[in-house]
Amino acid sequence: MDRRGFFQKGLVGVAGAVSVATLSKSALAGLPEIVSKPDARTAGPWLPGDEAVPYQPVVTLNGWTLPYRLNNGVKEFHLVAEPVVREMAPGFSVNMWGYNGQSPGPTIEVVEGDRVRLFVTNRLPEPTSVHWHGQRLPNGMDGVSGLNQRPIGVGKTFVYEFDAKRAGTFMYHPHADETTQMAMGMMGFWVTHPKVADQTFSKVDRDYCFLLNAFDVEPGSKTPNINTMLDFNIWCFNSTVYPAISPLVAKLGDRVRVRVGNLTMTNHPVHVHGHEFEVTGTDGGPVPPGARWPEVTTDIAVGQMRQIEFIADEPGDWAMHCHKSHHTMGAMGHGVSTLIGLNHEGLVGRIQNLVPDYMVMGERGMYDMKEMQMPLPLNTFPMMAGTGPYGPIGMGGMFTVLKVREDLKADDYSDPGWYKQPPHTQAYEWKGQLPEATRAQMPDAPAPLASVKKPGGGHTNHGH
Ligand SMILES: [Cu+2]
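The following block contains the structure:
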């Protein structure tokens, strides 16, 4: 098969067109074609042409797998570091840096023992490098600029080449001005499948992967603030926020693997509803079966990766999310006072004397926010934007849905819609009589009254 046929064959079934640059007549001595993706949709699993592969290919949530070409038995990839525009949610686009058209970059997917050659072209306005996190490789291929290599200058192309010695779950990211480059979204996933699946690294029916990442994009702006150290407001799976994050789809009874890497500045306890899973591997390798224990939440620290597996044996729509509740919300201001339990009587009028547009919310919690259609600044998304079959879903950010269905084809990854619970299996409203509640005796204190401070008066403690 000629190379054009090879690439096109490999791209069959990929949702969201992947554009292949025009193939030149140059020999394999030249650079591999640049393949890039124009959108943030989830591509289907990528299979290399007609070859039979000893693995179930991964599906990268809101991402894709980079096609390679075989050159004398070496798998050749071409990564292009470049500025991109990422649609994190419908109507919310962010100026980022990434690889081959998107942030994160494409997933690199190979087999244990493969010889891999990666061409990296730098189209950024500053030098970069690529570190292959977790891999066994020659020291000069490790990608720490200054330590292992000269940085890849603007407009230059470097070549990395090594054997994918160890099967497992890895990632890649720059080690050059990384506070800027990672805050701008430069990162990607790497999966090395075992040559032979066994108990330690088992064959699965579905294999999903994504990176946890976070950005600070002020409402109304389009570019992340790269100086933010902790106070991020956009919490993502693969540079995407719910409800734009694809669901994880599984057929009833499937063995499902989910690989997650954390490239944010804080830990994320990732929680799956309705099923118990085991951590079957980390970026350090597979966990021996005897050393695994059941979990429903696994904490993923900064720079770590976790590979979890479970049998999808409960049909339904199951939430899967970071368990830090502020990470399942969209953009929100952080300087907001807690108003729960506060007596607002007479307060609004007094505040409106100072701030004419002031409105009160939050004295009953913030549930009402979900239904509030407030005008938003351009280019942002509401705090909690997902809507389910029974109303607003009180979550956004690092949240998606595991959809387990009985009637699903093995290669079907499309969204099957909302689950319809069988009769008498759903929480319902009690319509009978309520007994008189026994209440604790509370002291007869009035609710605290709020006092009004003039806004903008933050200069009282400066001592001058
Ligand atoms: Cu989190």
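Residue numbers (the numbering used here): 1295 to 1758.
All residues carry an ideal CB built from backbone N, CA and C; glycine is no exception.
None of the values given here were measured: they were computed from a predicted structure.
Around ligand 1, the residues whose beta-carbon falls short of 5 Å from at least one of its heavy atoms are His1562, Cys1616, Lys1618, His1621, given in chain order.
At a Cβ-Cβ threshold of 8 Å, Thr1422 and Pro1377 do not count as neighbours. In the displayed model, Met1476 falls within a helix according to three-state DSSP. Exclusion of the five residues before and after Glu1512 leaves no residue of its chain whose Cβ lies closer than 6 Å to its Cβ.
The Cβ neighbour count for Met1523, taken over all protein chains shown within 10 Å, is under 16; the residue is labelled exposed. Looking at the DSSP output, Lys1369 bridges to Leu1364, Val1410.
Residue nearest to Ala1585 within the set Val1573, Arg1500, Gly1578 is Val1573 (criterion: CA-CA distance).
In the DSSP annotation of this structure, the continuous segment of the beta strand (DSSP E) that includes Gln1601 starts and ends at 1599-1605. Contact between Lys1545 and Leu1355 is absent: CB atoms are separated by about 18 Å, not below the 8 Å threshold.
When the five nearest sequence neighbours on each side are left out, the beta carbons in the same chain lying within less than 6 Å of the beta carbon of Val1543 are those of Lys1697, Tyr1707, in order along the chain. For Val1543, the enclosing beta strand (DSSP E) begins and ends at 1542-1545. Between the alpha carbons of Met1382 and Gly1324 lies a distance of about 35 Å.
Contact between Pro1541 and Asp1709 holds, since their C-beta atoms are separated by about 6 Å, short of 8 Å. Judged by DSSP in its simplified three-state form, Pro1537 adopts coil rather than helix or strand.
Looking only at Thr1415, Pro1398, Lys1725, the smallest Cα-Cα distance to Asn1556 is reached by Pro1398. In this structure, Ala1461 and Glu1403 do not form a Cβ contact; the two beta carbons are roughly 12 Å apart against a cut-off of 8 Å.
When only Cα atoms are considered, Thr1486 and Val1498 end up about 14 Å apart.
Phe1386 and Pro1518 have their C-alpha atoms spaced approximately 12 Å apart. Beta-bridge analysis with DSSP links Glu1570 to no other residue. When the Cα atoms are used, Thr1558 and Gly1437 turn out to be separated by approximately 20 Å. Secondary-structure assignment with DSSP links Ala1508 through a beta bridge to Trp1529. Ranked by how close their Cα comes to the Cα of Asp1457, the residues Arg1430, Thr1592, Ala1470, His1372 have Arg1430 in first place. Checking the DSSP bridge columns, you'll see Ala1721 has no partner listed. It is roughly 45 Å from the alpha-carbon of Ser1439 to the alpha-carbon of Asp1611. DSSP, read as helix, strand or coil, puts Ser1387 in strand. When DSSP states are grouped into helix, strand and coil, Ser1397 belongs to the coil group.
Between Gly1357 and Gly1479, the C-beta gap is not smaller than 8 Å, which leaves the two residues out of contact.
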